[in-house]
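Encoded as structure tokens, the structure appears first; notes follow it.
Numbering (our numbering), first residue to last: 19 to 534.
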């Protein structure tokens, strides 16, 4: 991390929050949690009668408490707090505080002066005033996979992995999933602001007719579905969407005005769910279900899968999942879309490339695999021995760990709540497996800080809503296409060819060319 101007000399005192929200060790968990919600803070510092910090209780602890089935109205803070928390002094530098949080995986750390609690500093406080090193400074030590390397600027959204936070435009993505509709968030990514009620109505009126598949492409869908009865839905989507882009004659992005590219983007996002669900049904000998312009995005998607409207609680659960997966920084598929767009290629080519990237198991293919792990474990009693054996064999636990997040994945935390709202036997098993896995991983892989990622509870949510497993990743694609096309529009608006370099590691040249 390189400090911005003046950051290196700034002290913790200049950025810490005060007064600190505190709790007494004898308070109930419910009382402390209620204060955290009311004051919108991520932790409370536990103090004794003399004002000394003796513990800390965080949102992560509340998740563990809920997973353990504790009685929050009876259990005391002192039972669940982290005792004797590490702290920083107010005169320490911001860089020093950042190291303290990131090395230990903390999100909040008390500020103590001469034994007295004087403030608290969070990872978010530190990240607000810091910036990553410019890519040029890493030119001689580019990490494999380009991890941490800045390749472009974006105003669409960002992931702050050390904090466990991500956002769309200027809004917390999880809060958007909790409070707004998918169409609102779609509008936000395309237009840069949340819609008014009148703007939302006009937007719905604009995109509803775009759900229809062009007739010449629609006639080809049964033949594509028959090509390979075992073909994954994303493979068929890649083929049929490419046919549609060809049919509509999408020209190179560098040759079309912004409003035309926007129209192509909206049509793409509207029609992808129709293609996915039609191919799924055709592959099983069922007639496709036409899109309904009177239904919102998520409700329409589910009725096209099942052939009938689904209960409101399931529609809302799927909608929240879709919102949470619209965009997530420069992930592999989004980066692919931007690289293709940077060449001046058409929007259809960019989306086809992104679909190909998403089809990889290391990117979009994990939700069904996480559910398969739950099936193999079967019962809560089998969780610990199964998990210990898997870790000992070096197997990857599907649904755990993330390339960016070094703390709780905020999408997983939100979807855990959605899954709890839906209920069901798999939710009880998932909670037990999560609690056990976190404990086993902390013991057997200390320092790794592996927590559930979005795929773990996404699988529980989609399964509870009746979606077949082969449609888990396609459902992901039906929302992520909104993020892809938003990035295509942004890249095309201020384009520069993305052309990185590679480090050559072969035999030293030039070698003499041997005679034939």
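Glycine included, C-beta positions come from ideal geometry on N, C-alpha and C.
Hey, how far is the Cα of residue i from the Cα of residue j?
i           : j           : result
residue 277 : residue 512 : 15 Å
residue 362 : residue 375 : 19 Å
residue 433 : residue 346 : 16 Å
residue 319 : residue 103 : 48 Å
residue 66  : residue 100 : 14 Å
residue 35  : residue 181 : 16 Å
residue 249 : residue 297 : 10 Å
residue 406 : residue 479 : 26 Å
residue 268 : residue 378 : 26 Å
residue 53  : residue 80  : 13 Å
residue 163 : residue 389 : 28 Å
residue 125 : residue 529 : 54 Å
residue 106 : residue 141 : 13 Å
residue 282 : residue 391 : 39 Å
residue 333 : residue 46  : 36 Å
residue 522 : residue 452 : 43 Å
Relative to the C-alpha of residue i, which residue among the options is closest?
i           : options            : result
residue 372 : 303, 289, 252, 267 : 252
residue 272 : 529, 521, 326, 510 : 510
residue 309 : 499, 528, 231      : 231
residue 325 : 312, 342, 340, 307 : 307
residue 493 : 341, 213, 282, 52  : 341
residue 484 : 172, 204, 328, 139 : 328
residue 487 : 531, 387, 516, 526 : 387
residue 517 : 62, 169, 442       : 169
residue 33  : 263, 137, 60, 69   : 137
Taking all protein chains shown into account, decide if residue i is buried (16 or more other Cβ within 10 angstroms of its Cβ) or exposed.
i           : result
residue 411 : exposed
residue 524 : exposed
residue 58  : exposed
residue 239 : buried
residue 207 : buried
residue 366 : buried
residue 316 : buried
residue 244 : exposed
residue 471 : buried
residue 214 : exposed
residue 92  : exposed
residue 128 : buried
residue 349 : buried
Kindly list the residues whose CB is nearer than 6 Å to the CB of residue i, restricted to its own chain and excluding five residues on each side of it in sequence; keep chain order.
i           : result
residue 323 : 295
residue 260 : 370
residue 338 : 195, 436
residue 292 : 229, 231, 309
residue 265 : 232, 234, 235
residue 31  : 108
Which residues in the same chain have their Cβ closer than 7 Å to the Cβ of residue i, if we skip the five residues on either side of it in sequence?
i           : result
residue 78  : 426
residue 228 : 284, 285, 288, 289
residue 438 : 445
residue 519 : none
Near residue i, which residues of its chain fall below 8 Å by C-beta distance, leaving aside the five closest residues on each side in sequence?
i           : result
residue 495 : 252, 255, 290, 294, 373, 376, 382
residue 174 : 186, 187, 207, 345, 501, 504, 505, 508
residue 29  : 108, 109, 110, 111, 112
residue 409 : 415, 458, 459, 462, 463
residue 153 : The predicted position of residue 153 is uncertain, since its pLDDT is 40 and thus under 50; no value can be drawn from it.
residue 526 : none
residue 143 : 33, 34, 35
So is the beta-carbon of residue i under 7 Å away from any non-hydrogen atom of the ligand FMN?
i          : result
residue 78 : Of ligands this structure carries none, so the ligand FMN is not represented either.
Exercise for review: Counting only runs of 3+ residues fully inside the region 284 to 339, write out the beta strand (DSSP E) ranges in chain order.
Suggested key: none
Practice item. At 4 residues or longer, and completely inside the region 338 to 369: list those alpha helix (DSSP H) runs for me, N to C. Key: 350 to 360
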